[in-house]
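Trainee:
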Amino acid sequence: MREKIVAGNWKMNPNAKDADRLWSAINEQNYGNVNVMVFPPSIYLRSWEAQQNKVALGAQDVYHEKNGAFTGEISAEMLASMGVNYSLVGHSERRTILNESDLEIRKKIDALLQNKLKVILCCGEPLAVRQDQKHKSFVEGQIESALSHLGEKEIKSITIAYEPIWAIGTGETAKPEQAQEMHSTIRKKINQLFGVESENISIIYGGSCKPNNAADLFAQPDIDGGLIGGASLNENDFYKITDSFS
Ligand code: PGA
757 MREKIVAGNW
767 KMNPNAKDAD
777 RLWSAINEQN
787 YGNVNVMVFP
797 PSIYLRSWEA
807 QQNKVALGAQ
817 DVYHEKNGAF
827 TGEISAEMLA
837 SMGVNYSLVG
847 HSERRTILNE
857 SDLEIRKKID
867 ALLQNKLKVI
877 LCCGEPLAVR
887 QDQKHKSFVE
897 GQIESALSHL
907 GEKEIKSITI
917 AYEPIWAIGT
927 GETAKPEQAQ
937 EMHSTIRKKI
947 NQLFGVESEN
957 ISIIYGGSCK
967 PNNAADLFAQ
977 PDIDGGLIGG
987 ASLNENDFYK
997 ITDSFS
């Protein structure tokens, strides 16, 4: 049985007072067998880690170096020492706006695994690539580049988030069949790289996932949950999404 996951990516939102309120509201709910996690701006992680929570905490990004003169950056060891369990890596906003390279993504994954953190690796194609019918090979390339150097044991700490860039924050969601096709492509790629382990890897969908479309997406055989941006900033919408598994 693959783990069901709903993860909230708050991106650069909200201010401290609203963040405290939202975090408390999210922790008032029960989520049954769904692994619910929140990725707030890292500045808030410290104030929440010590609490006993129903929701796991993750960072939106990490820097690959251990420590030293890297102004503004946060290391995997720092995250681990604060009780943080997860980190996103390679979100499309970091790849495109902040020019994060494939090599950088691989180094971040290695730093996280060395510090026993779990990784949510984001992948997904831009609109032009889909229009060109190259979306499968594009995403396969992202997976291969980020993961092919890992061993069978390490792959167990990885979750994949498939997020077509044309669906992120646009209100245009991938159709369930479109998302399923890509999740199945990703699972086959992982199978090619790591064999049977691919059956145990959760692959979650992101890109305008909302209460009104989550159930149809999560009903697909290779979709194991969602990475939620905009809708994770409202506790009621977020809860409804976590409650969308059939
Ligand atoms: P969205 O963002 O749900 O607002 O489209 C998803 C993401 O970027 O993780």
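Residue 843 in this note's numbering sits at position 87 of the sequence shown, and the numbers go up by one each step. Virtual Cβ for every residue (Gly too), placed ideally from N, Cα, C.
List in chain order: all unbroken alpha helix (DSSP H) runs of 4+ residues lying wholly within the stretch 814–902.
Mentor: Within the stretch 814–902, the complete alpha helix (DSSP H) runs of at least 4 residues are 832–837, 848–852, 858–870 and 883–887.
Trainee: Between Ser964 and Thr929, how many whole angstroms is the CB-CB distance? I'm expecting something under 8 Å.
Mentor: Yes, they are in contact, since the Cβ atoms of Ser964 and Thr929 sit about 4 Å apart, within 8 Å.
Trainee: Does the count of Cβ pairs from the stretch 965–978 and the stretch 778–785 closer than 8 Å reach three?
Mentor: With a cut-off of 8 Å, the stretch 778–785 and the stretch 965–978 do not count as touching, because too few Cβ pairs lie within range.
Trainee: So which of Gly828, Asp972, Gly814 and Glu759 has the shortest CA-CA distance to Lys767?
Mentor: Nearest option by C-alpha distance: Gly814.
Trainee: From Ser848 to Gln808, what does the alpha carbon distance come to, in whole angstroms?
Mentor: Roughly 31 Å separates the two Cα atoms.
Trainee: Would you identify the three-state DSSP class for Ala930, choosing helix, strand or coil?
Mentor: DSSP places Ala930 in coil when its eight states are reduced to three.
Trainee: To which residues of the same chain is Ala923 closer than 7 Å at the C-beta, ignoring the five residues directly before and after it?
Mentor: Result list for Ala923: Thr929, Ala930, Gly963 and Ser964, in chain order.
Trainee: To the nearest angstrom, report how far apart Glu896 and Gln936 are at their CA atoms.
Mentor: Approximately 15 Å, taken between the alpha carbons.
Trainee: By how many angstroms is the C-alpha of Asp888 removed from the C-alpha of Ser940?
Mentor: Those two C-alpha atoms are separated by around 20 Å.
Trainee: Give me, in chain order, the residues of the same chain whose beta-carbon lies closer than 8 Å to that of Asp972; leave out the 5 immediate sequence neighbours on both sides.
Mentor: Within the same chain, Asp972 has close Cβ partners Pro932.
Trainee: Which one of Lys966, Asn990 and Glu955 has the shortest CA to CA distance from Phe1001?
Mentor: Cα-wise, what sits closest to Phe1001 is Lys966.
Trainee: Excluding the five sequence neighbours on either side, which residues of its own chain have a C-beta within less than 7 Å of the C-beta of Asn841, listed in chain order?
Mentor: Closer than 7 Å at the Cβ level, and outside the excluded window around Asn841, lie Ala812, Leu813, Gly814, Leu873 and Lys874.
Trainee: Measuring only the C-alpha atoms, how far is Val952 from Gly986?
Mentor: The alpha-carbon atoms of Val952 and Gly986 are separated by roughly 34 Å.
Trainee: Please return the same chain residues whose Cβ sits closer than 6 Å to the Cβ of Val777, not counting the five positions on each side in sequence.
Mentor: Checking the sequence, you will find Arg at residue 777 rather than Val. So the list is empty, once near-sequence residues are dropped.
Trainee: Which residue wins for smallest C-alpha separation from Gln934, given the options Lys945, Ile914 and His891?
Mentor: Answer by Cα proximity: His891.
Trainee: Less than 7 Å separating the Cβ of Ile979 from some heavy atom of the ligand PGA?
Mentor: It does not: the Cβ of Ile979 is nowhere closer than 7 Å to a heavy atom of the ligand PGA.
Trainee: Would you call the stretch 850–861 in contact with the stretch 832–840, where contact means no fewer than 3 C-beta pairs closer than 8 Å?
Mentor: No: fewer than three Cβ pairs fall under 8 Å.
Trainee: Using the three-state DSSP reduction, which class does Val762 fall into: helix, strand or coil?
Mentor: Here Val762 sits in strand by DSSP.
Trainee: I need the straight-line Cα distance from Tyr819 to Ala832, nearest angstrom please.
Mentor: Whole-angstrom Cα-Cα distance: 7 Å.
Trainee: Out of curiosity, what's the CA-to-CA distance linking Phe795 and Gln816?
Mentor: Spanning the two alpha carbons is a distance of roughly 6 Å.
Trainee: Can you give me the start and stop residues for the beta strand (DSSP E) that Ala917 sits inside?
Mentor: Where Ala917 is concerned, the enclosing beta strand (DSSP E) stretches over Ile914 to Tyr918.
Trainee: How about Leu859 and Ile914: are their beta carbons less than 8 Å apart?
Mentor: For Leu859 and Ile914, no; Cβs fall outside 8 Å.
Trainee: CA-CA distance, Asn791 and Asn992?
Mentor: The straight-line gap from Cα to Cα measures roughly 17 Å.
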